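Numbering (the numbering used here), first residue to last: 7 to 588.
Structure first, commentary second.
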């Protein structure tokens, strides 16, 4: 194989190197972890690689995604990554797709072309989709993720190991900055964007992801942002709002920045700075402000701002973020949030760490080698403090597939909602697609079909309430059979009628009563170490690889649930067992 691979032949052997060279490998995501994985694979000697990523390169990516440089800003991540790694190993054939991995062209048969897949994604929906597609195609999946200084790598094999959905996930959600800046589709994306705008204006500017270098291109808003922060002039602030929410949006649309966004944004033409919402009203912070009120509140908060770093408990800073986020929501057709809701969203945001991504990517490639050479994969904990015997690595066996998991086993889920007021369209969009992550769902009630996106006749049912549907309707105790033709997934949905569902606690309009993604007391893994006295804490779970920022929704530490910082690299776990494993 030549001198290029001589080190690999010496360390891994000629047969392993030939296996790696010929194997067709899928890498989903070309961001923080994906860049490292692609670099590692081509340098290792893998020559048949396909990568898929829908994002474009943002200036904020440059300090942590090693394949990208300033001249690449605005270009597709997958395409640039392919070009750069091709220079590292000209023998490698890397195919790049600037697309959403959930697109129909990436079918089960397409996934079946690969010997192994590696996930380097930044959101749960896409990870669940890849998990299901790999299960359907019988392709091993090496899952990985990072959260700050913590990371995880584990292997998913159909019928042999637990899949990504076998155990409930912690309430922890991460959002990449490239999504926040270019393709927002959730209120939280706009809240994070607004916090970065606050940083741009009052925190030094250069550290903000919204900072635009005048040497690269003329910014529509950067100069006005600095001038407004310095002068607090209402006239300058009004010009800034036009630049942010009209001029810059129109400029980015023309440049094609938003071409992968779910909804093409609309510039707020003729934006008027109205009167801020009156504090005299008792519900002023819990009602949705109009666009004009948001503009007025943002103008007032800029004039009143007195701190350089965002603090959600500072009234002016929080009003700034809520108002700016809502104007951003108005641009992208996203539901605006109350001040109270925005304050909850603005909680804890932590940055990604390039070194954590690099270490986890190295572990991920190590697991890829094991999969391709038929070695048995395992979990390995990396401890900050050694055990009494001096060990820093603690291996454990992988979990088996969980009987109740509806992704890799036939499963069911019970959901409570008001069947008399909930429309079928809401049920499909918010629960079946939004919560269960179905891509091409079809629903059957008894022997009758009630929904299929490819059946125009059944689309007439979308406007009907569940209880008024054909075949007797979906009422209390009804059993609905759901099929996702994209991933060959079948699921039984048991529906309970709950007329007095608390819409404050369950704003989506439903409550999951029993989600059989895994038992509450999962089967214990056996620790392959006799030094159990040193293994006294359960590791926190790492929910997902965060490209740039993360919103954490985690309860505070208690005596029963101590804050555990003993684990640097960990592997995703189910809820605690009777005997903690770490």
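Heads up, the beta-carbon is just placed ideally off N, CA and C, and yes, glycines get one too.
Quantities reported herein were computed from a predicted structural model and do not represent experimental measurements.
Other residues of its chain near residue 317: CB distance less than 6 Å, five sequence neighbours each side excluded: 323
Pairwise C-alpha distance: residue 452 and residue 258: Note on geometry: alpha-carbon atoms of residue 258 and residue 452 lie some 50 Å from one another.
Where the beta strand (DSSP E) containing residue 503 begins and where it ends: 495-503
Sub-9 Å separation of residue 104 and residue 90 beta-carbons: In this structure, residue 104 sits away from residue 90, with a CB-CB distance that is not shorter than 9 Å.
Helix, strand or coil at residue 457 according to DSSP, with G and I counted as helix: strand
Sufficient close CB pairs (3 or more, under 8 Å) joining the region 270-286 to the region 194-202: no
Length-filtered (4 minimum) alpha helix (DSSP H) runs lying within the region 51-88: none
Member of 110, 53 and 109 whose CA lies at the smallest distance from the CA of residue 97: 53
Of the residues 348, 337 and 339, the one placed nearest residue 321, counting alpha carbons only: 348
Straight-line Cα distance separating residue 394 from residue 350: 43 Å
Cutoff 6 Å; reference residue 243; Cβ partners in own chain excluding five residues on either side: 234, 305 and 308
Nearest to residue 188 (by Cα), restricted to the options 134, 484, 441 and 82: 82
Cβ-based neighbour list, residue 147, same chain, cut-off 6 Å, excluding 5 preceding and 5 following: If the five residues before and after residue 147 are omitted, its C-beta is found closer than 6 Å to the C-beta atoms of 123, 140 and 162, all from its own chain and listed in chain order.
Simplified DSSP assignment, three categories, for residue 274: coil
Among 59, 46, 102 and 232, the one whose alpha carbon lies nearest that of residue 185: 59
Entirely enclosed alpha helix (DSSP H) segments - the region 353-437, minimum 4 residues: 360-378
Residue 202 to residue 477 span [Cα, whole Å]: 52 Å
Three or more C-beta pairs below 8 Å linking the region 504-520 and the region 452-469: Under the Cβ criterion (8 Å, minimum of three pairs), the region 504-520 does not count as touching the region 452-469.
Per-residue DSSP class, three states only, for residue 174: coil
Three-state secondary structure (DSSP) of residue 281: coil
Pair within 9 Å by beta-carbon distance, residue 423 and residue 516: Yes, they are a contact pair.
Residues near residue 65 in its chain [Cβ-Cβ closer than 6 Å; skip 5 each side]: Excluding positions up to five away in sequence, the list reads 79.
Residue 489 beta carbon less than 9 Å from that of residue 449: Yes, the Cβ-Cβ distance between residue 449 and residue 489 is below 9 Å.
Sequence-distant residues of the same chain with beta carbon closer than 7 Å to residue 137, five excluded per side: 147, 162, 169, 170, 171 and 413
Selected residue, minimal CA-CA separation from residue 21, among 425, 407, 51 and 294: 51
Inter-residue Cα distance where the pair is residue 444 and residue 428: 19 Å
Residue 332 versus residue 402 - alpha carbon distance: 47 Å
Burial state of residue 381 (16 or more Cβ within 10 Å): exposed
The region 12-32 / the region 331-346 touching (three or more Cβ pairs under 8 Å): With the rule of 3 Cβ pairs closer than 8 Å, the region 12-32 does not count as touching the region 331-346.
Selection from 301, 474 and 502 that minimises the alpha carbon distance to residue 246: 301
Whether residue 487 touches residue 503 by CB criterion (9 Å): Not a contact, by the Cβ cut-off of 9 Å.
Proximity winner among 150, 326, 467 and 283, relative to residue 373 (alpha-carbon distances): 150
Contact set for residue 39: own chain, Cβ-Cβ below 8 Å, skip 5 residues either direction: 126, 150, 151, 152, 363, 366, 367, 370 and 551
8 Å Cβ shell around residue 426 - same chain, five flanking residues per side excluded: 471, 472, 473, 503 and 505
Local Cβ density within 10 Å of residue 494, reported as buried at 16 or more and exposed below that: When all chains shown are included, residue 494 counts as exposed.
Beta-carbon separation (whole angstroms), residue 95 vs residue 49, contact threshold 8 Å: 6 Å
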